Amino acid sequence: MRLDNTTAPEIADEYVLGLLDPAEQQAVEQEADKNPTLRTAIAASRERYLPLDLTVEPAAVPAGLWGQIEAGLADGDTAVPLGGATLAPEAALTPAANDNRRFGWRAAALSSMAASLVLAVALTWSLGRQADPVVIAVLLNEAGEVQAVVEDFGNDTAEIRLLADIRVPEDKAVEVWTLPSQEMGPVSLGLLEDGRSSRLEAPPLPLPAASQLYEITLEDAGGSPTGRPTGPVLAKGFAQPPR
Amino acid sequence: MSLAELPTEDLAAMLAACGRGERSALKRIFDTEGGRLIALAERILRRRDLAEEVVQDAFIRIWTSARQFDGSRGSARGWIYAIVRNRALNVLRDGRREDTVEEDRLEALREDEQMEHILSAWQALDRNSRLHDCLGALDEKKRSGILLAYVGGYTHGEIAGRLKLPLGTTKSWIRRGLSALRECMA
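As you go down the protein sequences, you meet chains Z and P in turn.
For any residue, its number in our numbering is found by taking its place in the first sequence, counting from 1, and adding 2.
For any residue, its number in our numbering is found by taking its place in the second sequence, counting from 1, and adding 320.
The following block contains the structure:
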């Protein structure tokens, strides 16, 4: 899909009116994640047509509906080991994302094929390196694809190597996190410059352990404003010591 | 036109509170916007049960995505309504609206009523608004095409059928209509 300042408003209108086919719609959503021009055009188009939505006569709200919504929120709060665990439980995908995404992590985690591939990648990659990391975590995206490998050396340095192209919008940055313990909560290991692999100097942390969670999220440039993960989760995985 | 009860700045504040995990803020959004959002989804889906389901899912999505709302990229109301619209359109495109089996003639009658209903959204706009004027400045077919798509969730093919125009012509009419409307409202 070609996009520039002249075509973005046109595509945004057709997207907002629901005139694109599903493949085009998805392409627009992906593009909008990294393209501020398109994002702005979509927002402008929404505002342009919103008054038509406000012409409806409000319907009577059924008594039980709020209760059902609240019950749905409770479900969402329950962390599922491996598949559902994340450092940023509130972070979710774009509003227009399809229904299946919520369950994608679980599917990814259950995919044994992905897991064995991941191990092979990690082992090959860690062979022949000088210092031995204390743990290695292979980070998968929602689709179960390998995105990055984190080696935590336990001396407050960690090396993260990206194994996939991660698109980082201009005003965003990729931040690396780990969860040393529930009490400590998620701790930032640092930011990836321009979305490239790098060696990070982390704050002093307890020695990393087996099954420790590592995660990368998309945050505002300069890092999460709250010191905790706030953005969408790009990839995550549990560490294991090499043997 | 019914006016919004909550100013959009308040809605933005409610979304921020949802992002901090305050359920009362989500309830407040539901209380002020829920009825209109159900009606909005029903206008697209033509079924109350599906519309309620869509709004239920949409509120869970609003809750989980609230932190991603960015006020510099549009209004809180536009963001919330887009979530409901997108879900309604997805359900529609999955073909669930067609689940109800009706007699052909009854369906045709309902279809005409539905067209009237959709096209009347334009008349229901505030007469002093830019959108009302700019839609009014379009030829009838362009205006109808845009309204059928946005208000009724019709596809290019469905619009071509209703307006009795070839598909290619319909697409280019709508495209030109959208472009004229952008210019008019700029």
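Heads up, the beta-carbon is just placed ideally off N, CA and C, and yes, glycines get one too.
Treat the numbers as computed from the prediction; the structure is a model and nothing was measured.
Asked, Found
"Any 3 or more C-beta pairs closer than 8 Å across the stretch 364-384 of chain P and the stretch 403-416 of chain P", "yes"
"Alpha carbon of residue 9 of chain Z to alpha carbon of residue 220 of chain Z, nearest angstrom", "27 Å"
"Of the residues P:460, P:370, P:390, the one placed nearest residue 414 of chain P, counting alpha carbons only", "P:370"
"Neighbouring residues, chain Z, relative to residue 434 of chain P (Cβ below 8 Å)", "Chain Z residues near residue 434 of chain P: none, gap ~14 Å exceeds 8 Å."
"Euclidean distance between Cα positions of residue 225 of chain Z and residue 436 of chain P", "52 Å"
"Residue 465 of chain P versus residue 486 of chain P: straight-line alpha-carbon distance, rounded", "13 Å"
"Neighbour flag for residue 106 of chain Z against chain P, beta carbons, 8 Å", "Confidence at residue 106 of chain Z is low in this model, with a pLDDT of 47, below 50, so the placement of that residue should be treated as unreliable; the coordinate-derived value is given next. So, not an interface residue."
"Separation of residue 160 of chain Z from residue 409 of chain P, as counted between CA atoms", "45 Å"
"Status (buried if at least 16 other CB within 10 Å, exposed otherwise) for residue 112 of chain Z", "Here the model assigns residue 112 of chain Z a pLDDT of 45, short of 50, so the residue's position is not dependable, and the following value carries that caveat. Classification of residue 112 of chain Z: exposed, given that the 10 Å Cβ count is below 16."
"Test: residue 345 of chain P CB closer than 8 Å to a CB of chain Z", "no"
"CB-CB length for residue 438 of chain P against residue 411 of chain P, believed under 8 Å", "So it is not a contact: roughly 18 Å between Cβ atoms."
"Assumed close pair residue 504 of chain P, residue 457 of chain P - CB separation to whole angstroms, cut-off 8 Å", "6 Å"
"Closer than 8 Å to chain P by CB, residue 63 of chain Z", "yes"
"Residue 168 of chain Z vs residue 152 of chain Z beta-carbon contact at 8 Å", "no"
"Neighbourhood of residue 434 of chain P by C-beta, 8 Å cutoff - its chain only, sequence neighbours within 5 removed", "366, 472"
"Residue 145 of chain Z and residue 240 of chain Z closer than 8 Å at C-beta", "no"
"Proximity test, Cβ basis, 8 Å: residue 230 of chain Z and chain P", "no"
"Residue 58 of chain Z beta carbon less than 8 Å from that of residue 356 of chain P", "yes"
"Closest by C-alpha distance to residue 384 of chain P, when choosing among Z:62, Z:72, Z:188", "Z:72"
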